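Structure, as structure tokens:
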Amino acid sequence: MINTGSENRFIPVYLFSFCVYGVIAPYFPIMVRNLGYSPVWIGILFGVYEGSGIAGPFAFGFWADRKGKYRFPLIISCVLPALATIPLVLLVHPVISAVLMALMAFGLKSTVSLMDAVTTIQIGQTGNYGKIRVWTTLGFVLTILFLQWTPVIKPLNAFNVAFWITIFSVVAIGPISLLPGSFLRSNPELNNASLKRHPATGNGQMKLDFSFISLYFVIGFIIIFFSRFSMAAIYTFFPLYMTEIIQWNAVGLMFAIASITEIPFMFFSASLIRRFGPLPLLAVSVLAVCARLVILAVFPYKPFIIAAQLLHSLCFGIFHPAAISFISGVFPPEKRGMGMSVYLSLGVGLPALLGNIAGGAITEVFGYRFLFAIYAAIAGTAAFLYWVLRSRLTTHGK
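Counting from 1, position 68 in the sequence shown corresponds to residue 52 in my numbering; the numbering is continuous, with no gaps.
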């Protein structure tokens, strides 16, 4: 097991890798809208973007697992968005835009997948993934605040947004290159056998018989899938809702507020997971997604929008560490690259693809508030399924 000092060596990689998301999360949908695309086309293009995010982590995860080395795949995953973003602004055509956005996602989604895979391998089951992941939020928030108030190259048009995506993608390569090679290799000996004590149970929580691990996996994956499907309304259409309906030039600030709230939950996520297990925490998270979307649908006013953003503490601050723990408990260390690919591709990419395509069509016909209401119902369904099936899991786990 690596020591805490060594564990901290991953922090700069996460910090700088997520600076690019500080540009993409609030401004990428606006950038595509400024290229002249309608909500329907935005939904289609972001569906392609998320669809490519399914293929990328699988391809890069297989490559890294097979070689047992992660450095070169990580560097390539950072280079791809840097190469694709400026041409996306210069060559405006639906087919070209789809190809370039797919190339961007192929790299961006793979960076996250590969870093999560190698980090969970190196820190083992007793490591504090949430403590490391907090630094991604710091990089994300600092980038958003910088762009919100920068006096130069403000992200008010498509080219400026593309410029910042390119710059931060290149910057992320530096800390990856500086990590020791031993930190970027697959080494199952550093990880405890994940199924000796199922990490989903926590201390004294729902202890599952191995014969029921398939049911456990299905329920957890349904929650992850429905949660990410519903969150497409936030990640893609909320920035457009802010600028077109609320007419409030505070998209970056709203994303910064949301991200800051996740920090304490990320930091203490390891303790929460040990106490309650990842599955109950995933259920709480998807319930928060439901509440957040209901607020946006029913109360289109600035104070309520801020309140909805505060729920990001549960929607992602709890959700992501719990999901990572859930996947780490199902896939052994030597298959962790593929396991994270399954999570980011089928649990994140596929529902985001479907959520964006459906969301674009719903928004075009019925508007943003109706979209939020429909997606709130979908998130609520996942929470309901968990509570219905929890008694069965508990019964068979005795």
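All C-beta atoms in this analysis are idealised placements derived from N, C-alpha and C, irrespective of residue type, glycine included. In this text, all values refer to a predicted model and were calculated from it rather than measured experimentally.
Which residues does DSSP pair with Lys286 in a beta bridge?
-> Against the sequence shown, residue 286 aligns to sequence position 302. According to DSSP, Lys286 bridges with nothing at all.
Whose C-beta lies closer than 6 angstroms to the C-beta of Met88 among residues of the same chain, with five residues either side of it excluded?
-> For this step, residue 88 is matched to residue 104 along the sequence shown. The residues are Pro65 and Ala68.
Give a single yes or no on whether Phe(-6) has its beta carbon closer than 7 angstroms to a heavy atom of the ligand FAD.
-> The ligand FAD is absent from the structure shown, which contains no ligands of any kind.
Simplified DSSP assignment, three categories, for Lys53 | Residue numbering aside, residue 53 sits at position 69 when the sequence shown is read from its first letter. Here Lys53 sits in strand by DSSP.
How would you call Leu383, buried or exposed, if buried means at least 16 neighbouring beta carbons within 10 angstroms?
-> Look at the range of the chain in this structure, -15 to 382, and you will see that residue 383 is not part of it.
CB-CB under 7 angstroms to Tyr370, same chain, minus the five flanking residues each way: which ones, in chain order?
-> One-based indexing of the sequence shown puts residue 370 at position 386. Taking Tyr370 as the centre and dropping the five residues before and after it, the same chain places the C-beta of Ile203, Ile207 and Ala267 closer than 7 angstroms to its C-beta, in chain order.
Among Met215, Ala82, Val16 and Met238, which one has its Cα closest to the Cα of Phe124?
-> Within the sequence shown, residue 124 is the residue found at index 140, counting from 1. Checking every option, the nearest Cα to that of Phe124 belongs to Met238.
What's the call for Ile229, buried or exposed, on a 16-neighbour Cβ count within 10 Å?
-> Within the sequence shown, the letter at position 245 stands for residue 229. Counting of Cβ neighbours within 10 angstroms places Ile229 among the exposed residues, the total staying below 16.
Buried or exposed (CB count within 10 angstroms, at least 16 for buried), Ala217 = One-based indexing of the sequence shown puts residue 217 at position 233. So Ala217 counts as buried.
Taking the alpha-carbon positions, what's the Phe392 to Ile59 distance?
-> One cannot answer for residue 392 here, as it falls past the ends of the chain, which runs -15 to 382.
Any idea what DSSP makes of Pro164, helix, strand or coil?
-> Here residue 164 refers to the residue found at position 180 when the sequence shown is read from its first residue. Here Pro164 sits in coil by DSSP.
What separation, rounded to the nearest whole angstrom, lies between the Cα atoms of Ile14 and Gly45?
-> Position 30 of the sequence shown, counted from the start, is the residue given in the question as residue 14. Position 61 of the sequence shown, counted from the start, is the residue given in the question as residue 45. Counting only the Cα atoms, Gly45 lies some 31 angstroms from Ile14.
With a threshold of 16 other CB atoms inside 10 Å of the CB of Arg117, please say whether the residue is buried or exposed.
-> What you label residue 117 is simply residue 133 of the sequence shown in a count that begins at 1. With 16 or more Cβ atoms within 10 Å of its Cβ, Arg117 is classed as buried.
For the putative contact between Gly343 and Leu355, defined by C-beta atoms under 8 angstroms, what is the C-beta separation to the nearest angstrom?
-> Translated into the one-based positions of the sequence shown, residue 343 becomes position 359. Translated into the one-based positions of the sequence shown, residue 355 becomes position 371. Rounded, the Cβ-Cβ distance is 6 angstroms, consistent with contact.
Element boundaries [alpha helix (DSSP H), containing Leu338] | Sequence index remark: in the sequence shown, residue 338 carries index 354 (1-based). Unbroken alpha helix (DSSP H) run through Leu338: Leu334 to Phe350.
In angstroms with no decimal places, state the Cα-to-Cα distance between Val372 and Met324.
-> Here the question's residue 372 lines up with position 388 in the sequence shown. Here the question's residue 324 lines up with position 340 in the sequence shown. About 28 angstroms.
For the stretch 270 to 288 and the stretch 143 to 154, state whether three or more C-beta atom pairs, one from each stretch, are separated by less than 8 angstroms.
-> Contact fails between the stretch 270 to 288 and the stretch 143 to 154, because fewer than three Cβ pairs, one in each stretch, are under 8 angstroms apart.
Of the residues Phe209, Ile244 and Thr121, the one placed nearest Gln293, counting alpha carbons only = Counted from its first residue, the sequence shown places residue 293 at position 309. Closest by alpha carbon: Ile244.
Where does Leu179 land, buried or exposed, given buried means 16+ other C-beta within 10 angstroms?
-> Start at 1 with the first residue of the sequence shown, and residue 179 comes out as number 195. In this prediction, Leu179 has a pLDDT of 38, which is less than 50 and means its spatial position is unreliable; what the coordinates show is noted afterwards. Exposed is the call here.
Indicate the three-state DSSP secondary structure (helix, strand or coil) for Gln106 in the structure shown.
-> Locating residue 106 in the sequence shown gives position 122, counting from the first residue. Correct three-state label for Gln106: helix.
Assuming Phe(-6) and Thr103 form a contact by the criterion Cβ under 8 angstroms, report the distance between their Cβ atoms to the nearest whole angstrom.
-> Indexing the sequence shown from 1 puts residue -6 at position 10. Indexing the sequence shown from 1 puts residue 103 at position 119. A Cβ-Cβ separation of about 5 angstroms places Phe(-6) in contact with Thr103 under the 8 angstroms criterion.
Would you mind sorting Lys93 into buried or exposed? The rule is 16 or more other CB atoms within 10 Å of its CB.
-> What you label residue 93 is simply residue 109 of the sequence shown in a count that begins at 1. So Lys93 ends up on the buried side.
Start-end ranges of the alpha helix (DSSP H) lying completely within the stretch -7 to 41, minimum 4 residues | Within the stretch -7 to 41, the complete alpha helix (DSSP H) runs of at least 4 residues are -5 to 1 and 3 to 18.
In chain order, what residues of the same chain have a beta carbon less than 6 angstroms from the beta carbon of Ile302, not counting five sequence neighbours either side?
-> Sequence index remark: in the sequence shown, residue 302 carries index 318 (1-based). So the list reads Phe249, Leu265 and Ser269, once near-sequence residues are dropped.
When burial is assigned at 16 or more other CB atoms within 10 Å of the CB, is Pro138 buried or exposed?
-> For the purposes of this step, residue 138 is taken as the residue at position 154 of the sequence shown. Residue identity check: residue 138 is Lys in the sequence provided, not Pro. That one is exposed.
Assuming Phe90 and Ala9 make a contact with CB atoms under 8 angstroms, what is their CB distance in whole Å?
-> Here residue 90 refers to the residue found at position 106 when the sequence shown is read from its first residue. Here residue 9 refers to the residue found at position 25 when the sequence shown is read from its first residue. At roughly 18 angstroms, the Cβ-Cβ gap does not stay under 8 angstroms, so Phe90 and Ala9 are not in contact.
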